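Report on the following structure.
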Amino acid sequence: MCGISCIVHQDDPSDIDRTKLSQELDASLEAIKHRGPDSRGQWISPDNRIALGHVRLAINDLAPTGAQPFHDPTGSIHAVVNGELYDYAALRASILRSSPGHAFRGHSDCELVTALYRQHGLSFLSRLRGEFSLCLYDARAQLFVAARDRYGIKPLFWRVDRARRRLEVAAEAKAWLPFRWAPEWDVRSLLEAGWNHDQRTLFAGVTKERPYWDIEYPDKRVLEPRSEQEMIEGVRERLLDAVRVRLRADVPVGIYLSGGIDSSVIAGIVTHLVKERGEKIGNEKETDRQLQAAPQSFLE
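So this is what it looks like as C-alpha cells:
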C-alpha cells in the first residue's frame, strides 16, 4: 500500500508559485502518510503544469533506489505507482532483451512502468499483471495518464477543481483537504448505492477511476473439449502460477488462514513452493481456533 496525489493544471500555470505548489503537494501527502511511512517524494514539471506526489510503503527494493516518483533515462517520462507488479523479473528481462542499453535505477517492480510505456506507449497497460494504480506523465507528448488494475484492487479517485481549473487525482479523497476541498455528501449516490456499484463515491464531485477490464463472452453452446482431469490440471496450474508470482518481496510474506477451503489451498501451495515453515499468528480467544488448527496441522 502506497499513496498517490497528483495535480494537472488545465491552463498555462506560469503565474503559479512553484514553492507554494510544492508545499501544497507535501501537505496533501502528509494527509495520507499512513499509506506510505517509508519515504515521500514529489516531482513538478518545469512549467508547473504537472505535480506528482508519492508516499511509499517499501515492499520490493527497500533501498532508496525504490523511492518514487520514477523517471525514465531520457527525463521525459515520469510516474508514481501504488501497488505491486507480479512476475516483474520476467518483464524486466524482456525489456532488457529489446532495449539492451536501458538502465534501471534499482530493482523495484514499479520502476518497470516507465520502461514499458517508453517501449509500448499506452498499450503498456495490457502487459501489467498485478494490483496497482498509477499516474504517468509523458512530457514530450504532453500526456497525463491515470490507470488502475483490471479488478480495481488499488484505489484511485479524481475530481476537477473548477475554480482553480485543475484536475486532482489521489489514492484517498482526504489527500485533497489541504487543497481547500470542502467535501459534501452525494445523497443520490448514497440512496442508490452508487458508491458501491459504479464510478460514484460518497462525495459529490469525486469519481472513482474505472478498473481496466476486457470482457469476453464466448458462445456457451460450444461443447467443452477438455476432459475432467484436464480441467483439474488447468485449475491447479493457474493456482500455482497465481500464488507464485505473489510471493516475491523483500519483506516477510504472510497468509490469512481462516480455515476455509480457499485460504487452506493457498497456504498449502505456498508451503509446497517455498518449503519453509512460516510463523502462525492467531488469537487464543478466537472461536474458530480449532478450525484453523486443522489446515495448520496439515501444512506441518
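Numbering of the sequence shown is given in the UniProt record's numbering, commencing with residue 1 and proceeding in unit increments. Even for Gly, the Cβ is constructed at its ideal location relative to N, Cα and C. In this text the structure is predicted, and so the values were computed from the model without any measurement.
Tell me, please, which residues DSSP counts as bridged to Glu24.
As a working note, residue 24 is residue 24 in the sequence shown. For Glu24, which the question treats as bridged, DSSP gives no partner whatsoever.
Would you mind giving the Cβ-Cβ distance between Ala255 and Val270, rounded to the nearest angstrom? I have them listed as a contact below 8 Å.
As a working mapping, residue 255 is identified with position 255 in the sequence shown. As a working mapping, residue 270 is identified with position 270 in the sequence shown. Looking at the sequence shown, residue 255 is not Ala but Ile. Yes, Ile255 and Val270 are in contact; Cβ-Cβ is about 6 Å, under 8 Å.
Query raised in the report: If we ignore side chains and look at the alpha-carbon of each, how far apart do Asp26 and Met231 end up?
Result: Taking the first residue of the sequence shown as 1, we reach residue 26 at position 26. Taking the first residue of the sequence shown as 1, we reach residue 231 at position 231. Near 52 Å, if we compare the C-alpha coordinates of Met231 and Asp26.
#### Entry: Whole-Å CB distance - Arg159 paired with Thr207, under 8 Å assumed
Taking the first residue of the sequence shown as position 1, residue 159 is located at position 159. Taking the first residue of the sequence shown as position 1, residue 207 is located at position 207. With a Cβ gap of about 7 Å, Arg159 and Thr207 count as contacting.
Helix, strand or coil for Asn82 per DSSP? For this step, residue 82 is matched to residue 82 along the sequence shown. Three-state DSSP puts Asn82 in a strand.
**Report entry** Burial state of Glu237 (16 or more Cβ within 10 Å)
**Finding:** Translated into the one-based positions of the sequence shown, residue 237 becomes position 237. Glu237 should be labelled exposed.
>> Can you look up Arg248 in the DSSP assignment and give me helix, strand or coil?
In response: Position 248 of the sequence shown, counted from the first residue, corresponds to residue 248. In this structure, Arg248 counts as coil in the three-state DSSP scheme.
### Task
Would you please state the rounded distance, in angstroms, between the beta carbons of Leu52 and Tyr151? I believe it to be under 8 Å.
Taking the first residue of the sequence shown as 1, we reach residue 52 at position 52. Taking the first residue of the sequence shown as 1, we reach residue 151 at position 151. Leu52 to Tyr151, Cβ: 24 Å. No contact.
Of the residues Arg97, Ala90, Val113 and Ser94, which one's Cα is nearest the Cα of Pro69?
Within the sequence shown, the letter at position 69 stands for residue 69. Residue Val113 is the option with its Cα nearest to Pro69.
On the three-pair Cβ rule with 8 Å, is the region 4-17 touching the region 164-173? A contact exists between the region 4-17 and the region 164-173.
Exercise. For His34, which residues does DSSP report across the bridge?
Worked result: Residue mapping note: residue 34 aligns to position 34 of the sequence shown, counting from 1. DSSP, once it has assigned bridges, lists no residue as partnering His34.
task = Starting from Trp185, follow its DSSP beta bridges and name the residues at the other end.
result = The residue given as residue 185 occupies position 185 in the sequence shown. Looking at the DSSP output, Trp185 bridges to Phe203.
Checklist line | Assigned exposure category for Ile215 - 16 Cβ within 10 Å defines buried | finding: For the purposes of this step, residue 215 is taken as residue 215 along the sequence shown, with counting starting at 1. Residue placement at Ile215 is poorly supported in this model, since its pLDDT is 43, which falls under 50; the coordinates still yield a value, given next. With a 10 Å radius around the Cβ and a threshold of 16 neighbouring Cβ atoms, Ile215 comes out exposed.
Does the pairing of the region 29-36 with the region 96-111 give three or more beta-carbon distances under 8 Å? no
Would you tell me roughly how many angstroms separate the C-alpha atoms of Leu273 and Arg162, rounded to the nearest one? Within the sequence shown, residue 273 is the residue found at index 273, counting from 1. Within the sequence shown, residue 162 is the residue found at index 162, counting from 1. Distance between the alpha carbons of Leu273 and Arg162: 53 Å.
message = Let me check one thing: in DSSP terms, what residues is Trp158 bridge-paired to?
response = Position 158 of the sequence shown holds residue 158. For Trp158, which the question treats as bridged, DSSP gives the partners Val169 and Thr207.
Assigned secondary structure, Leu128 (DSSP; H/G/I helix, E/B strand, else coil) = As a position in the sequence shown, residue 128 is number 128, starting the count at 1. Three-state result, Leu128: coil.
Exposed unless 16 or more other CB atoms sit within 10 angstroms - verdict on Val243 | As a working mapping, residue 243 is identified with position 243 in the sequence shown. Buried: at least 16 other Cβ atoms inside 10 Å.
key: Leu57 and Pro37 closer than 8 Å at C-beta   = Counting from 1 along the sequence shown, the entry for residue 57 is found at position 57. Counting from 1 along the sequence shown, the entry for residue 37 is found at position 37. Yes, these two residues count as a Cβ contact at 8 Å.
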